[in-house]
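Start counting the sequence shown at 270; every next residue gets the next number (our numbering).
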Amino acid sequence: MTEIKLKPCPFCGRDKLKVDSKRTFNYSTRRCSVSVCCMKCHARGSTVGIDMPTDKYNEREICESAAIEAWNRRTDNG
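Shown next, in the form of structure tokens:
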């Protein structure tokens with residue numbers, strides 16, 4: 270996966286950010302939820318989540334990429 274650079278927090282301007290992920294499992298499906306949050310003001314971006322069959326192993330990378338893209342989206346750049 271190519272590294273996508275996170276933009277600073279749109280509220281406080283800090284660049285100390287965390288990509289927060291949570292995975293849950295059941296017998297036939299895995300669920301991955303990812304969001305970006307600011308460690309200074311605790312602003313949180315959109316949560317991206319997907320369900321994937323247990324034979325797929327890249328759900329975290331897919332979710333992280335989508336969450337980072339959502340965080341980096343600003344009104345001035347769409």
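Beta carbons: idealized from backbone N, C-alpha and C, even for Gly. The structure presented is a predicted model; accordingly, all values stated were derived computationally and were not measured.
1. Looking at C-alpha atoms only, which residue of Glu272, Ala336, Cys310, Cys307 is the closest neighbour of isoleucine 319?
2. Pick from Cys281, Arg342, Met321: whose alpha carbon is nearest that of tyrosine 296?
3. Cα-Cα, which of Arg313, Lys309, Cys301 is closest to asparagine 341?
4. Is serine 315 near the ligand SAM, going by C-beta to nearest heavy atom under 7 Å?
5. Should valine 317 be flagged as near chain B, meaning a C-beta pair shorter than 8 Å?
6. Spatial neighbours of arginine 292 within its chain, please: C-beta separation below 6 Å, excluding the five flanking residues on both sides.
7. Please state whether the Cβ-Cβ distance between glutamate 333 and valine 288 is less than 8 Å.
Walking through what the data contain:
1. In the sequence shown, counting from the first residue as 1, residue 319 sits at position 50. Of the listed residues, the one whose Cα sits closest to isoleucine 319 is Ala336.
2. Taking the first residue of the sequence shown as position 1, residue 296 is located at position 27. The shortest Cα separation from tyrosine 296 among Cys281, Arg342, Met321 belongs to Met321.
3. Residue 341 sits at position 72 when you count from the first residue of the sequence shown. Of the listed residues, the one whose Cα sits closest to asparagine 341 is Arg313.
4. As presented, the structure is devoid of all ligands, the ligand SAM included, so that no description of it is given.
5. As a matter of chain content, chain B is missing from the structure shown, which is built from one protein chain.
6. Taking the first residue of the sequence shown as 1, we reach residue 292 at position 23. Once the five neighbours on either side are set aside, the close Cβ partners of arginine 292 are Cys301.
7. Against the sequence shown, residue 333 aligns to sequence position 64. Against the sequence shown, residue 288 aligns to sequence position 19. In contact: glutamate 333 and valine 288 (Cβ atoms closer than 8 Å).
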